[in-house]
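Going by my numbering, the first residue of the sequence shown is number 74, and it counts up by one from there. C-beta: ideal position from N, C-alpha, C; glycine also.
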Amino acid sequence: MLEIRNLAKSFGGVKATNDVTLDFPDGSLTAVIGPNGAGKSTFFNLITGALKPDTGQVLLDGVDLAGRSPPEIVRHGIGRAFQVASIFKSLTVQETMLAAVSADQHSSSVLHKRFPLPEARDRAEHVMELLGLASKRQRTAATLSHGDQKLLDIALALVLEPKVLLLDEPTAGMGPEERWRMIDKVRELWETQRITVVFIEHDMDIVFKIAPKIVVLCYGRILATGTPDEIRNNSAVIDAYLGTEHAGAAA
Ligand SMILES: Nc1ncnc2c1ncn2[C@@H]1O[C@H](COP(=O)(O)OP(=O)(O)OP(=O)(O)O)[C@@H](O)[C@H]1O
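Structure follows, in structure tokens:
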């Protein structure tokens, strides 16, 4: 279980994360929403080690990871889909996957990196299948569609076998069709892999359709947590973020 305890981070006078305490039980799927500047990305950056919290704890199965380095946090089981795939544009899908697994085998020698272990190949293969990228293994990342590049980002996080997967706007920049394909994939991963998934999303249709639990951040604080119905009907959330378009009353 991922437990966030009294997490806080300020930038000058801005409290980007302000005393946030939250539990993400094993196998849960949670959407994090909130207006621009609410502190969603900062919250993720604190969990993954990209930023060090001023105070608070990030407990994964009881171990406090707050302030540790990103690689250490990944090794403990918190994965994040970065836009890594787009950095290695000239590598094929398969090469990118194998590079990720090889880098993870910290006991690995240079030899392993050049000739990945069969187990590493199997892991990469399994995740490519899972994300529908197996038939595109020989394509270079640069030639993939935007949606497939995002799937490759997720694949790179998944191949390291995280207990918790954080996705920062997995559908950003996608058209409606690609958006639903991506989110169906995220849901399928969550259902089949039984990992804890936390995702930031601006599209409320998507959030209300797939997230059993929603956390609303506003000015760095938790404004509300609840089921889609509870959030839709929460007057503070309607005022601060949803307006009436997605509100329960309007529906
Ligand atoms: N590195 C930084 N230096 C200074 N201020 C920052 C920094 N990162 C974030 N902030 C500020 O912290 C607050 C929260 O920002 P954050 O990016 O976490 O919000 P967000 O909810 O992810 O926003 P968006 O939906 O626009 O991506 C904002 O006021 C932002 O300007």
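Query: Going by the beta-carbon positions, is the gap between T169 and A215 smaller than 8 Å?; Result: no
Query: Using the rule of at least 16 other Cβ atoms within 10 Å of the residue's Cβ for burial, across every protein chain shown, is F84 buried or exposed?; Result: exposed
Query: Just to confirm, is the Cβ distance from S326 to D241 under 8 Å?; Result: Given that the chain is displayed from residue 74 to residue 324, the structure contains no residue 326 and the question cannot be resolved.
Query: When the Cα atoms are used, what is the spatial distance from R305 to L315?; Result: 8 Å
Query: Give the straight-line distance between the Cα atoms of T165 and R212, rounded to the nearest whole angstrom.; Result: 5 Å
Query: Expressed to the nearest angstrom, what Euclidean distance is found between the alpha-carbon atoms of I106 and E76?; Result: 18 Å
Query: If contact is defined by three or more beta carbon pairs under 8 Å, each pair taking one atom from either stretch, is the stretch 117-137 in contact with the stretch 292-308?; Result: no
Query: How would the residue list near ligand 1 read, in chain order, if you kept each one whose beta-carbon is closer than 5 Å to any heavy atom?; Result: F84, V87, A89, N109, G110, A111, G112, K113, S114 and T115
Query: Going by DSSP in three states, H149 sits in which element: helix, strand or coil?; Result: helix
Query: Note down the Cα distance separating R153 from V232, rounded to an integer number of angstroms.; Result: 11 Å
Query: Do the CB positions of G100 and R260 come within less than 8 Å of each other?; Result: no
Query: So, at 7 Å on beta carbons, what are the nonlocal neighbours of A228 in its own chain, with the 5 sequence-adjacent residues on each side left out?; Result: M170, V200, M201, L204 and L206
Query: Can you tell me where the beta strand (DSSP E) holding D278 begins and where it ends?; Result: D278 -> not in any beta strand (DSSP E); alpha helix (DSSP H) instead, spanning M277 to I283.
Query: Buried or exposed: where does A176 fall if 16 or more other Cβ atoms within 10 Å of its Cβ makes it buried?; Result: exposed
Query: State buried or exposed for T244, treating a residue as buried only when at least 16 other CB atoms are found within 10 Å of its CB.; Result: buried
Query: Near V289, what residues of its chain come up, given a Cβ to Cβ distance below 6 Å and the 5 sequence neighbours on each side ignored?; Result: I106, G107, L296, A297 and V310
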